[in-house]
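Before any comments, here is the structure.
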Amino acid sequence: MLIKKFNAKSGKYTVTFQIPCEQLPEEVVASQMNVVGDFNNWSISETPMKVADGIGYEATVKLKPGKYEYRYLINDHHWYNDWEADGYEPNRLQNADNCILVLDKPKKGKKGKKGKKDKKEKGSKLTKGKKAEAKSKVKKAPTKPKAKPEAKKEVKADDLKLIEGIGPKISGVLAEAGVTTFQKLSNLSVDEIKEMLKGKVRISHPDSWPEQAKLAAEGAMEKLQALQDSLIGGRKK
14 MLIKKFNAKS
24 GKYTVTFQIP
34 CEQLPEEVVA
44 SQMNVVGDFN
54 NWSISETPMK
64 VADGIGYEAT
74 VKLKPGKYEY
84 RYLINDHHWY
94 NDWEADGYEP
104 NRLQNADNCI
114 LVLDKPKKGK
124 KGKKGKKDKK
134 EKGSKLTKGK
144 KAEAKSKVKK
154 APTKPKAKPE
164 AKKEVKADDL
174 KLIEGIGPKI
184 SGVLAEAGVT
194 TFQKLSNLSV
204 DEIKEMLKGK
214 VRISHPDSWP
224 EQAKLAAEGA
234 MEKLQALQDS
244 LIGGRKK
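When we follow the numbering used here, the leftmost residue of the sequence shown carries the number 14, and every step to the right adds one.
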């Protein structure tokens, strides 16, 4: 998981890398974690991750806008990828992919032009004012007020991150596909969800998401919690 905050004064991002314990491989007992990437010359020790209460492991670095490749290293020999990276690229040295971190350069707002434009606007306002005054002297027949169209009821989006296995990245991809509520997610098949995430999310396990979403849509939170206690990253233990 990536958390990005831009500081306009320094022109740099503060990036926090996070790995929840439940997302770590079941067969690996992590005693040491490091973030390894372009920004630290792929050093296996320069950016250690600390244990964060209620989260898992995390590390924070300050980076300039740009594109970076990175991976996680567990116990100095086990490589692991971020489930919610901004993208993935093939690793030429290993039969695996590197995670991608994208830090966009903030756009500066354009300043409005003054001068001739202001004079034209003032002149046009005076002309419009005279025309309006002349029209006001002519009596017009009263017209019936137009009926206002009924406002469409907006469906409030649910926080899909309550579903075990769905993080900010996957939630955003589903929202782009029009899936913003528990009800819509529960109506999808696992194959339909996989098709939506194809090419956009490197790793996902949506097998239990429709079932979880159905319970959440019904407000059966105790049953949902019981189901999630039997899952790891959206998968059954």
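Using N, Cα and C, we set each Cβ at its ideal position, and we do this for glycine too.
| query | Going by DSSP, which residues form a beta bridge with Trp92? | reply | If you number the sequence shown from 1, residue 92 lands on position 79. Within the DSSP secondary-structure output, Trp92 pairs in a beta bridge with Leu86.
| message | Pop quiz: Leu86 and Val49 are said to be a contact at Cβ under 8 Å. What is the actual Cβ separation, rounded to whole angstroms? | response | Numbered from its first residue, the sequence shown carries residue 86 at position 73. Numbered from its first residue, the sequence shown carries residue 49 at position 36. That belief holds up - the Cβ atoms of Leu86 and Val49 are roughly 5 Å apart, short of 8 Å.
| task | Please work out which residues of its chain come closer than 6 Å, Cβ to Cβ, to Lys17, disregarding the five sequence neighbours upstream and downstream, and give them in chain order. | result | Numbered from 1 along the sequence shown, position 4 holds the residue referred to as residue 17. These residues qualify, in order along the chain: Tyr26, Val28.
| request: Return the chain-ordered list of same chain residues with a C-beta closer than 6 Å to the C-beta of Ser184, the five sequence neighbours on each side being excluded. | output: Looking up residue 184 in the sequence shown gives position 171. If you ignore the 5 residues before and after Ser184, its C-beta comes within less than 6 Å of the C-beta of Leu173, Lys174, all in its own chain and listed in chain order.
| DSSP three-state call for Val214: helix, strand or coil? | Looking up residue 214 in the sequence shown gives position 201. In the displayed model, Val214 falls within coil according to three-state DSSP, outside both helix and strand.
| query | By Cβ distance below 7 Å, which residues in the same chain neighbour Ile57 in space, the five residues on each side in sequence not counted? | reply | To locate residue 57, count along the sequence shown from 1; it is residue 44. Cβ neighbours of Ile57 beyond the five flanking positions: Asn47, Val49, Leu86, Asp89.
| said: Let's test the definition: count the other Cβ atoms within 10 Å of the Cβ of Ser202 and tell me whether it reaches 16, buried, or not, exposed. | reply: For this step, residue 202 is matched to residue 189 along the sequence shown. Counting of Cβ neighbours within 10 angstroms places Ser202 among the exposed residues, the total staying below 16.
| With DSSP run on the structure shown, which of helix, strand or coil describes Val28? | In the sequence shown, the residue the question calls residue 28 occupies position 15. In the three-state DSSP reduction, Val28 falls in the strand class (E or B).
| Spatial distance of Glu71 from Tyr81 (CA atoms) | The sequence position of residue 71 within the sequence shown is 58, counting from 1. The sequence position of residue 81 within the sequence shown is 68, counting from 1. Rounded to the nearest angstrom, the gap between the Cα atoms of Glu71 and Tyr81 is 18 Å.
| task | Give the DSSP-derived three-state secondary structure of Pro61 in the structure shown. | result | Indexing the sequence shown from 1 puts residue 61 at position 48. Pro61 carries a strand assignment under DSSP once its states are collapsed to helix, strand and coil.
| task | Reducing DSSP to helix, strand and coil, say where Asp110 ends up. | result | On the sequence shown, position 97 is the one that residue 110 refers to. In this structure, Asp110 counts as strand in the three-state DSSP scheme.
| Residue range of the unbroken beta strand (DSSP E) whose run includes Val74 | Residue 74 sits at position 61 when you count from the first residue of the sequence shown. Start and end: 69-76.
| task | Quick one: using the 10 Å Cβ neighbour count with 16 as the cut-off for buried, is Ala170 buried or exposed? | result | On the sequence shown, residue 170 is found 157 positions in, with the first residue counted as 1. Burial call: exposed.
| Can you tell which of Lys63, Val192, Ala98 has the C-alpha that lies nearest to the C-alpha of Gly212? | Along the sequence shown, read from residue 1 onward, the residue named residue 212 stands at position 199. Considering only Lys63, Val192, Ala98, the residue with the shortest C-alpha distance to Gly212 is Ala98.
| By Cβ distance below 7 Å, which residues in the same chain neighbour Ala230 in space, the five residues on each side in sequence not counted? | Here residue 230 refers to the residue found at position 217 of the sequence shown. The residues are Phe195, Gln196, Ser199.
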